[in-house]
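2 protein chains.
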Amino acid sequence: MSAEIVSTGTELLLGHTLNTNAQYIAERLAALGVYCYYQTTVGDNADRIGQVIENALNRADIVITTGGLGPTMDDLTKEVVADLFGLPMEMHPDHLAKIEAFFQRRGRKMPENNKKQAMLPAGSQAIPNHLGTAPGVIVEQDDKVVILLPGPPFEMRPMFEETVIPYLAAKTKINPGVLHSRTLKVVGPGESVIENRLRDLLTVQSNPTIALLAKTAEVHVRLTARARTETEAAALMGELEAEIRQRLHPYVYGVDEESLASVVGALLNERNLKLAIAESCTGGYIAHQITNVPGSSDYFLLGVASYANSAKENVLAVDEETLRTYGAVSPETALAMARGVRRLAGSDIAAAVTGIAGPGGGTEEKPVGLVYAAFVAGDKEEVEKLQLFGDRVTIKEKTTYAVLNRLRVYLTEEARP
Amino acid sequence: MSAEIVSTGTELLLGHTLNTNAQYIAERLAALGVYCYYQTTVGDNADRIGQVIENALNRADIVITTGGLGPTMDDLTKEVVADLFGLPMEMHPDHLAKIEAFFQRRGRKMPENNKKQAMLPAGSQAIPNHLGTAPGVIVEQDDKVVILLPGPPFEMRPMFEETVIPYLAAKTKINPGVLHSRTLKVVGPGESVIENRLRDLLTVQSNPTIALLAKTAEVHVRLTARARTETEAAALMGELEAEIRQRLHPYVYGVDEESLASVVGALLNERNLKLAIAESCTGGYIAHQITNVPGSSDYFLLGVASYANSAKENVLAVDEETLRTYGAVSPETALAMARGVRRLAGSDIAAAVTGIAGPGGGTEEKPVGLVYAAFVAGDKEEVEKLQLFGDRVTIKEKTTYAVLNRLRVYLTEEARP
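First to last, the sequence lines map onto chains A and B.
Counting in the numbering used here, the first sequence runs from 1 upward without gaps.
Counting in the numbering used here, the second sequence runs from 418 upward without gaps.
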């Protein structure tokens with residue numbers, strides 16, 4: 001069973017709107033085990049919409065469209081599909097009543113042009129829309145299906161969950177449980193290093209499949225197993241996961257929804273250790289990532305974004321002498337910041353970073369992307385020198401990952417209870 | 418002159434990745450006056466990529482692809498296009514040297530599989546990539562052009578700006594000025610309030626067109642004018658922009674690439690005022706936004722993410738009495754935090770927030786989303802109570818917008834020199 005996604009809307013072609021619908025539907029289809037080989041975006045033009053849907057129906061069993069169900073003149077998808085299947089449009093008084101009620105609840109009279117939203121291709125099935133005026137439509141003919149959904153994501157998503165998923169599950173007779181995915185999250189080595197270590201597995205992959213996905217500062221290894229039962233899928237997956245974890249050790253930090261910050265948080269909680277952070281070049285981003293984790297107030301005491309030298313001196317007690325002799329971007333200052341914030345917060349562990357995030361401020365000796373990351377825990381004191389590349393926000397993000405990963409490695413390997 | 422966008426990558430078909438590249442390129446093509454009627458997404462499969470590019474070339478003059486230029490086995494786009502045009506692949510020693518230098522700068526040896534990134538279709542033009550190892554490619558044959566770009570947005574975007582836009586402008590002989598866009602950025606009222614205020618303009622819009630785009634904590638109003646000359650477009654746009662600004666006053670904070678933080682930064686620089694921030698529930702996010710702006714070290718002195726009560730007492734000198742009597746989430750604590758961080762940093766202005774970001778920690782009296790935001794500047798001292806809705810990150814983001822907007826209004830209206 002295969003499907004295609006067709007997104008309609010001139011606002012997508014002009015780049016005014018980001019197409020989040022295609023991603024959402026693609027993710028759901030994959031979870032259902034429905035194959036999807038193409039996504040197409042087309043403007044509000046009847047001929048072109050018709051060609052795209054026809055072309056998609058030639059390749060796939062199911063076509064899912066978003067957009068073009070509104071009350072305006074350039075909302076055309078329903079009419080195009082009716083035409084394609086040779087079906088007349090029929091007025092549905094029950095839907096008309098719902099649309100009128102929708103406006104009434106908002107204290108408004110239904111505009112005349114909303115009437116057309118109650119017209120459906122003959123013999124089609126309506127998809128209820130509780131948050132808007134446009135019902136969706138399922139049109140079946142021979143072995144082919146077209147599912148029409150509205151464009152606004154907050155209307156489309158609940159309709160997909162409530163009606164489309166059960167419809168597809170029944171249609172495909174696929175037990176959604178048979179497609180099992182698991183994402184291993186890797187921090188440290190780049191995509192090509194990981195590919196080299198997994199080369200033979202990637203070459204012979206069939207079930208489970210393996211996909212590598214590079215993010216700004218981490219790589220995701222996604223395993224997807226097809227099986228008749230959950231137990232079987234888990235067994236298939238477990239063996240491969242163990243092999244990959246061993247080959248990538250110690251760089252797999254977590255799975256699925258875990259983030260590097262949530263893993264560090266769980267380890268801090270387990271070890272009953274408290275953390276403080278001092279940031280110069282990252283300017284609060286490390287603290288932001290740590291505090292994105294619910295419950296982080298249990299272990300995170302203090303973050304100081306000491307941007308000015310005066311703040312480094314007055315808040316973190318970095319020696320004016322240190323700053324003058326070595327500069328704000330130096331291993332000495334990074335270490336003094338980490339010691340300072342640990343003392344100030346009374347934490348067990350502290351990390352500090354100072355560097356040049358750019359785009360200005362770099363010199364030959366201290367170029368943009370140069371970062372010193374200091375780490376203090378127990379009697380341990382160390383400073384790491386990083387040379388990072390990318391724009392300002394990328395350098396902030398890569399620095400943050402390096403710091404969180406140092407914390408993770410320490411908490412996993414050295415602070416084992 | 419027309420173009421099509423082809424995005425390749427199985428991660429897009431599986432919904433693992435949001436396709437921001439298609440939007441970015443679509444927006445740029447529209448700005449250049451290049452028509453674009455279709456966008457297609459296809460997986461890492463040579464046959465299907467070939468069919469999609471061939472189909473696109475039958476409809477359009479220019480096809481722009483993203484993805485598939487990496488070093489791995491499933492990076493296929495370049496090879497597919499060479500095949501389609503009947504061109505052999507050639508090794509370019511100068512590009513190989515650049516790729517080797519890229520790894521050398523990072524203190525690493527180039528993996529063997531990166532070599533293939535230096536292979537280009539015969540007679541094609543390379544697009545330099547300063548932030549990654551994959552050069553882009555422009556392949557011309559007869560009247561048709563294929564432009565291949567890498568998938569990572571931070572590599573693709575500068576390549577598009579630096580090489581593709583000048584290429585397209587020369588190629589199309591179109592004055593890019595004929596399609597003129599401008600985005601007004603609005604903070605405060607929601608999308609439907611804005612729609613109501615602009616209803617008549619939205620109804621009769623033709624040239625310029627008006628599009629509303631709701632973000633988490635702001636709304637973008639995008640105007641696009643078509644005209645023969647820049648002057649004519651600017652005149653068309655200017656009139657409508659003035660009308661909209663008046664209707665939405667004082668909520669339009671900036672235009673185009675400006676962010677709320679960059680506008681606040683420019684105002685602080687102009688007024689020669691220094692800023693400090695104390696954060697509890699936002700945990701560093703306000704400081705992160707402020708320091709995303711290049712040059713923010715000129716006016717941002719200090720951010721304190723005082724997550725623990727002990728940090729509020731020891732770092733910001735909030736009275737233990739205040740915390741005990743009113744609690745950490747209270748107007749009294751917010752104000753004490755703002756006073757404390759201003760004193761500590763020696764800044765002119767300070768803001769502080771304390772609240773409950775959730776999902777846990779809420780009570781009937783102090784529910785999730787309750788935030789107190791304090792603001793001190795000169796003799797002015799005030800605390801605002803906010804009740805926000807959404808998940809943890811959304812509440813952090815909305816709080817950050819409220820604080821930055823308060824700073825903007827103060828700097829615009831009250832701190833006028």
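Note that the Cβ used here is the ideal one computed from N, Cα and C, for glycine as well.
Since we're looking at a predicted model, the values are computed, not measured.
Inset, instruction - From the DSSP output, in three-state form, read off threonine 829 of chain B for me. - result: helix
Legend entry - Rounded Cβ spacing between cysteine 698 of chain B and threonine 817 of chain B (contact assumed at less than 8 Å): 10 Å between Cβ atoms; not a contact.
Inset, instruction - Could you say if the region 560-572 of chain B and the region 481-488 of chain B meet the contact criterion of at least three C-beta pairs nearer than 8 Å? - result: yes
Inset, instruction - Specify, as a first and last residue, the run of the alpha helix (DSSP H) that glutamine 468 of chain B falls within. - result: 463-476
Inset, instruction - Could you list the residues in the region 555-581 of chain B with a C-beta less than 9 Å from some C-beta on chain A, going in chain order? - result: Gly568, Pro569, Phe571, Pro575
Inset, instruction - Just the chain B side, please: which residues come within less than 9 Å of threonine 40 of chain A by C-beta, in chain order? - result: Tyr455, Gln456, Thr457, Thr458
Inset, instruction - Give every residue of the same chain whose Cβ lies closer than 6 Å to the Cβ of valine 383 of chain A, excluding the five residues on either side of it in the sequence, and list them in chain order. - result: Pro331, Ala334, Leu335, Tyr372, Ala374
Legend entry - Neighbourhood of aspartate 491 of chain B by C-beta, 6 Å cutoff - its chain only, sequence neighbours within 5 removed: Asp461
Inset, instruction - Note down, in chain order, every chain A residue with its Cβ under 7 Å from the Cβ of glutamine 521 of chain B. - result: Per Cβ cutoff of 7 Å: no residues; glutamine 521 of chain B is ~12 Å from chain A at best.
Inset, instruction - Mind reading off the beta-carbon distance from leucine 323 of chain A to leucine 344 of chain A? Whole number of angstroms is fine, and I expect it under 8 Å. - result: Not really, about 17 Å apart at Cβ, beyond 8 Å.
Inset, instruction - Look at glycine 303 of chain A and glycine 763 of chain B and say whether their C-beta atoms are less than 7 Å apart. - result: no
Legend entry - 7 Å CB neighbourhood of glutamate 737 of chain B in its chain, flanking five on each side removed: Glu730
Legend entry - Beta-carbon contacts of proline 417 of chain A that lie in its chain and below 7 Å, excluding the five residues immediately before and after: Arg271
Inset, instruction - Within the region 712-781 of chain B, note down every full beta strand (DSSP E) run reaching 3 residues or more, in order along the chain. - result: 717-723, 766-772
Legend entry - Candidates B/Ser598, B/Met508, B/Met506, B/Leu449: closest to leucine 653 of chain B by CA position: B/Ser598
Inset, instruction - Note down the Cα distance separating threonine 183 of chain A from glutamate 696 of chain B, rounded to an integer number of angstroms. - result: 33 Å
Legend entry - CB-CB length for alanine 122 of chain A against proline 88 of chain A, believed under 8 Å: 5 Å
Inset, instruction - Would you tell me roughly how many angstroms separate the C-alpha atoms of alanine 266 of chain A and glutamate 241 of chain A, rounded to the nearest one? - result: 22 Å
Legend entry - Three CB pairs or more closer than 8 Å across the region 604-619 of chain B and the region 574-590 of chain B: no
Legend entry - DSSP bridge partner residues for threonine 41 of chain A (one or two, in chain order): A/Ser7, B/Gln456
Legend entry - Proximity test, Cβ basis, 7 Å: glutamine 23 of chain A and chain B: yes
Legend entry - Interface partners of asparagine 292 of chain A on chain B, CB under 8 Å: Gly700, Arg809, Val810, Lys813
Inset, instruction - Put asparagine 668 of chain B into one of helix, strand or coil per three-state DSSP. - result: First, the residue type needs correcting, since residue 668 of chain B is tyrosine and not asparagine in the sequence shown. Coil, per DSSP.
Inset, instruction - For alanine 728 of chain B, decide whether its Cβ has a neighbour in chain A, counting only Cβ atoms nearer than 7 Å. - result: yes
Legend entry - DSSP three-state assignment for glutamate 572 of chain B, whether helix, strand or coil: helix
Inset, instruction - Identify the contact partners of arginine 465 of chain B in chain A, using a Cβ-Cβ distance below 9 Å as the criterion. - result: Tyr37, Tyr38
Legend entry - Chain-ordered chain A contacts of proline 528 of chain B [CB-CB under 8 Å]: Ser192, Val193, Asn196
Inset, instruction - Determine, using beta carbons only, whether alanine 350 of chain A and valine 376 of chain A come nearer to each other than 7 Å. - result: yes
Inset, instruction - Tell me, to the nearest whole angstrom, how far the beta carbon of valine 423 of chain B is from that of glycine 467 of chain B; I am working on the premise that it is less than 8 Å. - result: Contact doesn't hold; Cβ gap of about 11 Å is too wide.
Inset, instruction - Output yes if chain A places a C-beta closer than 7 Å to the C-beta of arginine 639 of chain B; else output no. - result: yes
Inset, instruction - Output yes if chain B places a C-beta closer than 7 Å to the C-beta of phenylalanine 85 of chain A; else output no. - result: no
Legend entry - proline 510 of chain B (DSSP reduced to helix, strand or coil): helix
Inset, instruction - Whole angstroms is fine: what's the gap from asparagine 838 of chain B's alpha carbon to alanine 101 of chain A's? - result: Shown here, chain B extends from 418 to 834; a query on residue 838 of chain B therefore has no answer.
Legend entry - Reference asparagine 58 of chain A, options A/Arg106, A/Gly9, A/Asp142, closest by Cα: A/Asp142
Inset, instruction - Verify the CB distance criterion: does histidine 16 of chain A have a CB-CB separation below 7 Å to chain B? - result: yes
Inset, instruction - Taking threonine 434 of chain B and glutamate 428 of chain B to be in contact with their CB atoms under 8 Å, please state how far apart those CB atoms are, rounded to whole angstroms. - result: 4 Å
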